[in-house]
Each structure stands twice: as C-alpha cells, then as structure tokens.
Amino acid sequence: MSAFAALLARDVRLATRAGGSAMLALAFFAAVVTLVPFGIGSEAKLLARVAGGVVWVAAVLANLLALDRLFQADYEDGSLDLLALSPLAFEGIAAAKISVHWLTTGLPLTILSPILALLLNLPTSAYVALVMSLLIGTPAISAIGAVAAALTLSIRRGGLLLPLLVLPLLTPVVIFGAGAVLAKLDGIENGAFWLLAAFSVAAVLLAPFVAAAALRLNLSE
Amino acid sequence: MGARLPPIDLLEATNLACVRGGRIVFRDVTIRVTRGQALVVEGPNGAGKTSLLRLIAGLLSPADGSIAISADGTRIDDREERGAFIGWLGHQDGAKPQLTPREVLQFFAQVYGAASDPSLLQIVGLSSAADLPCQYLSAGQKKRLALARLKLCGCQLWLLDEPLASLDASGKLLLLELLRDHLSAGGMAVIATHESVGFDAKRLQLT
Numbered sequence: 004m005s006a007f008a009a010l011l012a013r014d015v016r017l018a019t020r021a022g023g024s025a026m027l028a029l030a031f032f033a034a035v036v037t038l039v040p041f042g043i044g045s046e047a048k049l050l051a052r053v054a055g056g057v058v059w060v061a062a063v064l065a066n067l068l069a070l071d072r073l074f075q076a077d078y079e080d081g082s083l084d085l086l087a088l089s090p091l092a093f094e095g096i097a098a099a100k101i102s103v104h105w106l107t108t109g110l111p112l113t114i115l116s117p118i119l120a121l122l123l124n125l126p127t128s129a130y131v132a133l134v135m136s137l138l139i140g141t142p143a144i145s146a147i148g149a150v151a152a153a154l155t156l157s158i159r160r161g162g163l164l165l166p167l168l169v170l171p172l173l174t175p176v177v178i179f180g181a182g183a184v185l186a187k188l189d190g191i192e193n194g195a196f197w198l199l200a201a202f203s204v205a206a207v208l209l210a211p212f213v214a215a216a217a218l219r220l221n222l223s224e
Numbered sequence: 034m035g036a037r038l039p040p041i042d043l044l045e046a047t048n049l050a051c052v053r054g055g056r057i058v059f060r061d062v063t064i065r066v067t068r069g070q071a072l073v074v075e076g077p078n079g080a081g082k083t084s085l086l087r088l089i090a091g092l093l094s095p096a097d098g099s100i101a102i103s104a105d106g107t108r109i110d111d112r113e114e115r116g117a118f119i120g121w122l123g124h125q126d127g128a129k130p131q132l133t134p135r136e137v138l139q140f141f142a143q144v145y146g147a148a149s150d151p152s153l154l155q156i157v158g159l160s161s162a163a164d165l166p167c168q169y170l171s172a173g174q175k176k177r178l179a180l181a182r183l184k185l186c187g188c189q190l191w192l193l194d195e196p197l198a199s200l201d202a203s204g205k206l207l208l209l210e211l212l213r214d215h216l217s218a219g220g221m222a223v224i225a226t227h228e229s230v231g232f233d234a235k236r237l238q239l240t
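Just so you know, the protein sequences line up as chains A and B, in that order. Residue numbering for the first sequence follows our numbering, beginning at 4 and increasing consecutively. Residue numbering for the second sequence follows our numbering, beginning at 34 and increasing consecutively.
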C-alpha cells in the first residue's frame, strides 16, 4: 500500500470510528433540513421550490463541521511533523485529506439527500438533478475547505475563522448547485450543472497545491 | 525506505540562527556530525534545543545560516529532500487516541514503505498493550510506541527531543540500547536532553 493510500485508509477509519466526524456531519445535515419546514411553514409548493437550495445550504454547512479538524488534529498530536518527514509530499497529504473529507462527508450527504428531499416535497423529476449536483459539487467544498483549513492551521481557534474564509468562496457552488435543481423544476436548460462541474474540477485539481503551500508556510513558522 | 536512500556521511549546519516570536533564541551555532556519531544538545529550558532539532529536520526555517547533509558525496540542501533521511522523536508522538499501537505501527510502516514487523511491539515492551487504543496508554508507553516507530522508519539520522523523558528505568535502557545499535550501524543522532546518555558523545551547550 502506498503512503497516500495508507493515510487515506487511516483517516477514513478515524472519521468513521465512534466519535468520528462522519456521522456527526450526516446528523447535522438531516437536522438542518428537517428544521426548515418548521421555520417557513409546510406549504407543499413553497417547500418544493426551495428544496434544492435548502439541501445545498445544509450540505455546505454540514461540510464545515469536519473541516476545522482536517489538519488540526494531525498538527496538534505531532502526526503532521512525522508526515512532513515521510516520503509523502505535502501535495499528497493535502490530496489524501481532501479525498477523506469528501468520502466521509460529501458522499454520505449525497446519498442521504433524496430522503431529505422527500421531506421537502421535491418533485421526483428533480431527484436526479439534486443528487448529480451534490455528487459533482461537494468535492469542491472539500477542496476549498482544505485550503482554508491549511491556512488557518496554526491560528489559535482558527476554526472560528474558517467558515468566514470558506463560505464566500463557496457562493458559486451553492448558486450553481441549487440552480441546477431549479432549472430541472422549471424545465429549462441553463448550464448551471456544467458550470458547477467546471468549478468543481478546477477546485479539486488546484487545491492540493495551494493547501500544500499553506502547510509548508505553517510548518516553517 | 532507508534501503532506497544513499547512506549519509555528514550532517553540517553552519552559523545557524533561530528567531522565534521576534526574539533571537540562538545564533552562530555550528554543528558537524559524521557517521556513527551522536551529538548531545544541552541547555536550560528555552535555550532552543527543540528549535535546533526542528531546524535540522526542516520543520522550521533558520533566520540565518545553512544546513545540509551529504550522502554519497552529494550535498543535499533542500529541506524536504532532507526529511526522508530523518527519524523524528518529539514531545508528541503522532499516536491517534482512537487507534491501537498495532494500527499506528502498521500505518507508519505503510507510510515509510517499510516492512511491518510485529516483533517490534515486543521489543519495546508493548505486546500486552498492542490492541489497546492509544488514549489508554501512559506517557511512557506512548514513548515506547514512538521508539518502535523510530526503529521502523530505518532513517539514518535520528533527531531525538528529550527521548528519556517519561520513560522508566527499563525504558531508558531500551532507548540507549537502540541508540547504540543505531550508531554502531553507521547511524547518526542529535539528542536534546537534560539527562546523561551514558556514553561518549559530542556535546553542544546552548545558552
């Protein structure tokens, strides 16, 4: 097994073991979505209209939960020093962390989303659009989030700064993600899904390098 | 992984200066360690022992001066390249609270590309705690786990920060034995410690 695969396997194990972040993010996601009808009323038409946006906003928020500890846990217990001295390059460490974050947060959220969409009365015709948009869009959240997590690594209580840094950068993801679902509802073709896909691919390809640069900066201070 | 790397002949740091939080911790520190040699770094708390080790490891950038290792006659200046030669034992051991010592060692064996050796846990006296999550280990047991990891990595240059801290008498003997084996096999070590290591070594006093 390569060093990359070993780090991936260890972190997936840590996230899914008792007390890990995976279940927590899922439960948070479900709780936020379930709360919305209590806030805006149970009018079926209205819920169907906002379902895509609500699921997307909740997905972004749930993704933030585990970001804070993405590198922090390894930084605090010395693992990051050891990984820095291992044959694995910082780019590899960052790529592994992004993958783990998506596998334990973005992917489970995507799988759970149809059930929550049912609670929000989303028409069945838009289910595929919702799931596909989450599937293609959530990796961008993990990627951009990892950059922010690496940047705020050595800041005390950097976890509080992190959402402020990440949320503005994720605006396009929410616009295009929710837009793709709305387009399906309205029966129009607006290219939101493809813009989302392009944004996501660019983020995932660039993020490991940017996060690696941020890690180098933090570790040499 | 050690097998794939050329053996290092020399660690050399010239006129190192370290600045932390705007304060000069030390300056004009020059060290030279050759094969089979150990350098013991001494000094009061805050003298910069840990900082010196982090500088050598490349986990900190020097404010001034240069650090290089020579392997097979070639000088390696790049600090990330240097990292692959370094076995690190710090105050924190990278033992995840949720993982067992067996899992931690297996993980690092994969990361280092080394063969996982189940007898290592026995050598460091952890066989009875091998399947206990690390959150239940004592500080001394964690240090023993870190020793097993250090031995596993097969790195030629050991950087040990207070290696004797929190070890019991048999643990200290174990560490010194591992260290002697390492040095007699041509390894090198830089050790920051307050305690006597019990063998002849070069000394560097930081003030």
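Glycine is no exception: its CB is placed at the ideal position from the N, C-alpha and C atoms.
Burial is judged here by how many other beta carbons sit within 10 angstroms of a residue's own beta carbon; residue 84 of chain B has at least 16 and is buried. Taking C-alpha positions only, residue 120 of chain B is separated from residue 221 of chain B by approximately 10 Å. Identification of residues in the stretch 69 to 93 of chain B having a C-beta nearer than 9 Å to some C-beta of chain A yields 87, 90, 91, 92 and 93, given in sequence order. In this structure, DSSP gives residue 72 of chain A a helical state, which the three-state scheme calls helix. Of B:189, B:218, B:77 and B:45, the smallest CA-CA separation from residue 65 of chain B is found for B:45.
Nearest to residue 42 of chain B by alpha-carbon distance, out of B:79, B:219 and B:151, is B:219.
Note that the stretch 170 to 184 of chain A touches the stretch 192 to 207 of chain A; at least 3 beta-carbon pairs, one per stretch, sit closer than 8 Å. Residue 94 of chain A: member of the alpha helix (DSSP H) spanning 93 to 104, first to last residue. When beta bridges are read from the DSSP output, residue 184 of chain B appears opposite no residue. Looking from the CA of residue 81 of chain B, the closest CA among B:58, B:170 and B:183 belongs to B:58. The C-beta of residue 116 of chain B comes closer than 7 Å to at least one C-beta of chain A. CA-to-CA, the gap between residue 220 of chain A and residue 38 of chain B works out to about 27 Å. Comparing C-alpha distances from residue 194 of chain B to each of B:137, B:186, B:139 and B:123 shows the shortest one belongs to B:123. In the three-state reduction of the DSSP assignment, residue 220 of chain B falls in the coil class, being assigned neither a helical nor a strand state. Looking only at B:147, B:136 and B:69, the smallest Cα-Cα distance to residue 160 of chain B is reached by B:136. Around the beta-carbon of residue 169 of chain B, fewer than 16 other beta-carbon atoms lie within 10 Å, marking it exposed.
One Cα belongs to residue 55 of chain A, the other to residue 165 of chain A, and the distance between them is close to 25 Å. Excluding residues up to 5 positions away in sequence, 133 lie with their Cβ nearer than 7 Å to the Cβ of residue 165 of chain B in the same chain. Within chain A, no C-beta atom comes nearer than 9 Å to that of residue 59 of chain B; the closest sits roughly 17 Å away. In this structure residue 78 of chain B is exposed. Its beta-carbon is surrounded by fewer than 16 other beta-carbon atoms within 10 angstroms. The way I'd put it, the stretch 136 to 146 of chain A doesn't touch the stretch 41 to 54 of chain A; fewer than three beta-carbon pairs between them come closer than 8 Å. For residue 235 of chain B, the uninterrupted beta strand (DSSP E) run begins and ends at 235 to 238, by DSSP.
In this structure residue 90 of chain B is in contact with residue 88 of chain A, their Cβ atoms being roughly 6 Å apart against a cut-off of 8 Å. DSSP, reduced to helix, strand and coil, places residue 78 of chain B outside both helices and strands of the structure shown, so it counts as coil.
Taking 7 Å as the cut-off between beta carbons, the residues of the stretch 137 to 150 of chain B near chain A are 140, 143, 144, 145 and 146, in sequence order. The Cβ of residue 97 of chain B sits no closer than 7 Å to any Cβ of chain A.
Interface flag for residue 26 of chain A against chain B is unset, since no Cβ pair is found closer than 7 Å. Close to chain B, meaning a Cβ-Cβ distance shorter than 7 Å, is no residue of the stretch 141 to 171 of chain A at all. Within chain B, the residues 34, 117, 144, 145 and 146 have their CB atoms less than 8 Å from the CB of residue 90 of chain A, given in chain order.
For the stretch 121 to 136 of chain B, residues whose beta-carbon sits nearer than 9 Å to a beta-carbon of chain A comprise 121, 123, 124, 125, 126, 127, 128, 129, 130, 131, 132 and 136.
The residue among B:94, B:106, B:105 and B:131 with its C-alpha nearest the C-alpha of residue 23 of chain A is B:131. The beta carbon of residue 75 of chain B sits closer than 6 Å to the beta carbons of 238 from its chain, once the five residues preceding and following it are set aside; these are given in chain order. DSSP lists B:51 as the beta-bridge partner residues of residue 59 of chain B. As the crow flies, the alpha-carbon of residue 91 of chain A is around 7 Å from that of residue 144 of chain B. Annotation: residue 70 of chain A to residue 28 of chain A spans about 10 Å, alpha carbon to alpha carbon. Within 10 angstroms of the beta-carbon of residue 155 of chain A lie 16 or more other beta-carbons, which makes it buried.
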